[in-house]
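Enquirer: In our numbering, the protein residues as written are 1 to 170.
Heads up, the beta-carbon is just placed ideally off N, CA and C, and yes, glycines get one too.
If you're wondering where the values come from, they're calculated on a predicted model, not measured in any experiment.
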């Protein structure tokens, strides 16, 4: 019987190693690192996805040189076209009212007015949408409102950009 003892010990050790490795791969015991990675992914997606271009005041004019603590607070600069005038929402305010699941559902089903590229949002993976939610919630709360949508025929009361195609002069 004693010759089987080393084999039994080796099998138990291998089982323990596999269990610990499985826990590590599935995220058990590494929650903080996984959350940090997700927030970093969200930060990256917000940057490359162009979210700041509209949802962060002055971002385009300053070539992206806006401190992160001012990102995604919405803007009073409207976008005017045949659809009326739309304003970039305060994403910090919006996402704080939604669970991660609610945000994913909204992002995957929304269809908004221009110039919001809702079709790009819908093309993102669920993991990417969750990362964006986590990143936005990692930013300081900001409940500043933005102007409401103005339907066609109602002039905006704030500065706005006109989206109106024009034919070249002949």
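Check whether the Cβ of residue 61 lies closer than 8 angstroms to any Cβ atom in chain C.
Expert: Although the question refers to chain C, the structure presented lacks it and comprises just one protein chain.
Enquirer: Can you tell me whether DSSP reads residue 163 as helix, strand or coil?
Expert: In the structure shown, residue 163 sits in coil (DSSP, three-state: anything other than H, G, I, E or B).
Enquirer: By the DSSP assignment, the beta strand (DSSP E) with residue 80 in it spans what residues?
Expert: 78 to 81 is the span of the beta strand (DSSP E), which, as asked, contains residue 80.
Enquirer: Indicate whether residue 77 and residue 56 have their beta-carbon atoms separated by less than 8 angstroms.
Expert: No, the Cβ-Cβ distance between residue 77 and residue 56 is not below 8 angstroms.
Enquirer: Counting pairs of beta carbons, one from the region 58 to 70 and one from the region 81 to 88, are three or more of them closer than 8 angstroms?
Expert: Short answer: they don't touch.
Enquirer: Quick one: is residue 110 buried, meaning 16 or more other Cβ sit within 10 Å of its Cβ, or exposed?
Expert: Its Cβ having fewer than 16 others within 10 Å, residue 110 is exposed.
Enquirer: How is the beta strand (DSSP E) around residue 97 delimited, first residue to last?
Expert: Element bounds for residue 97: n/a, residue is neither H nor E.
Enquirer: Would you call residue 119 buried or exposed, if buried means 16 or more other Cβ atoms sit within 10 Å of its Cβ?
Expert: So residue 119 counts as exposed.
Enquirer: Please list, in chain order, all residues of the same chain as residue 150 whose beta carbon is under 6 angstroms from its beta carbon, the five residues on each side excluded.
Expert: Excluding residues within five positions, the ones whose Cβ falls inside 6 angstroms are 84, 85 and 156.
Enquirer: Keeping to the same chain, check which residues put their C-beta closer than 6 angstroms to that of residue 107; ignore five residues upstream and five downstream.
Expert: Hits under 6 angstroms: 121 and 129.
Enquirer: What number of angstroms, rounded off, separates the C-alpha of residue 95 from the C-alpha of residue 143?
Expert: Rounded to the nearest angstrom, the two C-alpha atoms are 11 angstroms apart.
Enquirer: What's the call for residue 166, buried or exposed, on a 16-neighbour Cβ count within 10 Å?
Expert: By the 10 Å Cβ count, residue 166 comes out exposed.
Enquirer: Can you look up residue 42 in the DSSP assignment and give me helix, strand or coil?
Expert: Helix, per DSSP.
Enquirer: Leaving out five residues on either side along the sequence, give the residues of the same chain with a beta carbon under 7 angstroms from the beta carbon of residue 163.
Expert: Correct list, in chain order: 79, 80, 81, 114 and 115.
Enquirer: Have a look at 93, 67 and 133 and flag the residue whose alpha-carbon is nearest the alpha-carbon of residue 40.
Expert: Per the Cα distances, 133.
Enquirer: With distance defined between alpha-carbon atoms, name the residue in 49, 43, 75 and 51 nearest to residue 160.
Expert: If we check each option's Cα against that of residue 160, 75 comes out closest.
Enquirer: With DSSP run on the structure shown, which of helix, strand or coil describes residue 86?
Expert: Strand at residue 86.
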